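Heads up: the sequence shown at position 245 corresponds to 245 in full-length UniProt numbering, and the numbers run straight through without jumps.
Built from N, CA and C at the ideal position, the CB exists for glycine as well.
Everything numeric in this text was worked out from a predicted model, so none of it was measured.
Working notes, beginning with the structure itself.
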Amino acid sequence: MDRRNAAIPDPVALVPHDVSISIRNVDKYYGGNQVLFDINLDVKREEVVCLIGPSGSGKSTLLRCINHLETINTGSIVAAGEIVGYRMHRGRLHELRPKDVGRQRAKVGMVFQQFNLFPHLTALQNITLAPRKVKREDMAATTAYAKELLARVGLAGKENSYPGQLSGGQQQRVAIARAMAMRPEIMLFDEPTSALDPELVGEVLSVMKDLAQTGGKTMVVVTHEMGFAREVADRVVFMDAGRIIEAGAPEQVLGDPRHERTKAFISAVL
Ligand code: ADP
Ligand code: MG
1 MDRRNAAIPD PVALVPHDVS ISIRNVDKYY GGNQVLFDIN LDVKREEVVC
51 LIGPSGSGKS TLLRCINHLE TINTGSIVAA GEIVGYRMHR GRLHELRPKD
101 VGRQRAKVGM VFQQFNLFPH LTALQNITLA PRKVKREDMA ATTAYAKELL
151 ARVGLAGKEN SYPGQLSGGQ QQRVAIARAM AMRPEIMLFD EPTSALDPEL
201 VGEVLSVMKD LAQTGGKTMV VVTHEMGFAR EVADRVVFMD AGRIIEAGAP
251 EQVLGDPRHE RTKAFISAVL
């Protein structure tokens with residue numbers, strides 16, 4: 001960051017060592033429309049956080065801000081030891097340089113509702129594309145790791161299949177392996193099972209559960225799968241209308257919510 005102005009504190013220096021994602025006082029607007037209001041959330045290293053809430057509450061926007069797919073208007077986000085966005089009230093926006101965006105993104109893997117695999121590339125080629133381009137890793141090591149990841153998501157033997165030859169659940173598992181290929185510290189999931197036929201949801205959730213339980217990654221998962229949240233999350237965060245309404249242990253937020261809006265949401269989805 002710009003250190004010429006000594007009065008500006010360095011947000012990275014303010015983040016405790018065991019915190020992987022630090023979100024402070026974040027506001028976000030689309031044009032004149034404010035969609036995030038004073039968001040504060042610290043996610044610890046290797047913590048699994050499930051983000052729940054009604055449609056339009058700002059869950060995707062918050063994930064996209066963590067990965068610098070959107071820029072914030074106020075506050076700061078530090079992820080994996082890098083500043084993602086930083087602007088104090090009425091202050092100057094700290095703009096990331098393109099090379100910093102690239103370095104930061106390599107530390108954060110993201111899986112979307114629509115898997116967006118490249119249709120003309122095989123499963124293996126989809127996974128090796130980014131590490132080959134960005135890290136210029138040697139081909140043999142990259143391929144070996146991609147095969148290891150495919151095996152880990154239960155797709156050993158599907159290396160040479162094209163996305164069109166795979167089911168939705170298999171494609172999403174390839175997308176998870178692809179996001180893992182850069183060995184990110186943080187994995188973000190935005191409703192990874194919402195586009196799947198019901199009978200394919202379980203296989204994707206079980207891969208995510210395995211990732212969570214193996215450890216080594218910080219995970220933020222936007223999901224409507226309350227069973228998954230209850231079983232796998234260390235913490236559940238409920239958002240509504242651009243605000244974090246409550247956060248806590250899954251059994252508390254899902255089983256004994258404190259706020260009326262959380263109660264209404266939980267009783268509607270369960
Ligand atoms: P969620 O993921 O919880 O459904 P979103 O983050 O997608 O919520 O949306 C939050 C709000 O921001 C909604 O009102 C939505 O219409 C609006 N929004 C989302 N993306 C954009 C965009 N690219 N441009 C303008 N408004 C957007
Ligand atoms: Mg969304």
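### Message
Can you confirm whether the region 223-232 touches the region 44-52 when touching is taken to mean that 3 or more C-beta pairs between the two stretches lie within less than 8 Å?
### Response
yes
### Segment limits, alpha helix (DSSP H) that includes F265
Walking along the sequence shown from the start, residue 265 turns up at place 265. F265 -> alpha helix (DSSP H) spans 260-269.
### Message
Count Cβ pairs between the region 19-32 and the region 194-210 that sit closer than 8 Å; are there 3 or more?
### Response
Contact between the region 19-32 and the region 194-210 is absent, with fewer than three C-beta pairs closer than 8 Å.
### Query
Near T122, which residues of its chain fall below 8 Å by C-beta distance, leaving aside the five closest residues on each side in sequence?
To locate residue 122, count along the sequence shown from 1; it is residue 122. The residues are E159, N160, S161, Y162.
### Query
Just the Cα atoms here: how many angstroms apart are L200 and Y86?
Position 200 of the sequence shown, counting from 1, holds the residue named residue 200. Position 86 of the sequence shown, counting from 1, holds the residue named residue 86. Straight-line Cα distance between these residues: approximately 40 Å.
### Task
Return helix, strand or coil for G227, following the three-state DSSP convention.
In the sequence shown, the residue the question calls residue 227 occupies position 227. Residue state, collapsed to three classes: helix.
### Message
Below 7 Å, is the gap between the Cβ of Y30 and the nearest heavy atom of ligand 1?
### Response
Here residue 30 is taken as the residue at index 30 of the sequence shown, counted from 1. Yes, the beta carbon of Y30 sits closer than 7 Å to at least one heavy atom of ligand 1.
### Of the listed residues K217, V174, A79, R103, nearest to F112 (C-alpha basis)
Start at 1 with the first residue of the sequence shown, and residue 112 comes out as number 112. Nearest of K217, V174, A79, R103 to F112, Cα basis: V174.
### Query
Cβ of N33 within 7 Å of any heavy atom in ligand 4?
Summarising the ligand content, the structure contains ligand 1 and ligand 2 and does not contain ligand 4.
### Query
How is L62 classed by DSSP in three states: helix, strand or coil?
For the purposes of this step, residue 62 is identified with residue 62 of the sequence shown, where counting begins at 1. Residue state, collapsed to three classes: helix.
### Task
Specify the secondary structure class of V204 as computed by DSSP and reduced to three states.
Within the sequence shown, numbered from 1, the residue matching residue 204 stands at position 204. DSSP places V204 in helix when its eight states are reduced to three.
### Task
State the beta-bridge partners of V78 as determined by DSSP.
Numbered from 1 along the sequence shown, position 78 holds the residue referred to as residue 78. V78 pairs with S22, I83.
### Query
Where do the N-terminal and C-terminal ends of the alpha helix (DSSP H) with residue 272 fall, by residue?
Nothing can be reported for residue 272: it is not among the residues displayed for the chain, which extend from 1 to 270.
### Task
Out of V108, I266, A181, point me to the one whose CA is closest to E145's CA.
Along the sequence shown, one-based indexing puts residue 145 at 145. Note on residue identity: the sequence assigns Tyr, not Glu, to residue 145. Comparing Cα positions, the closest option is A181.
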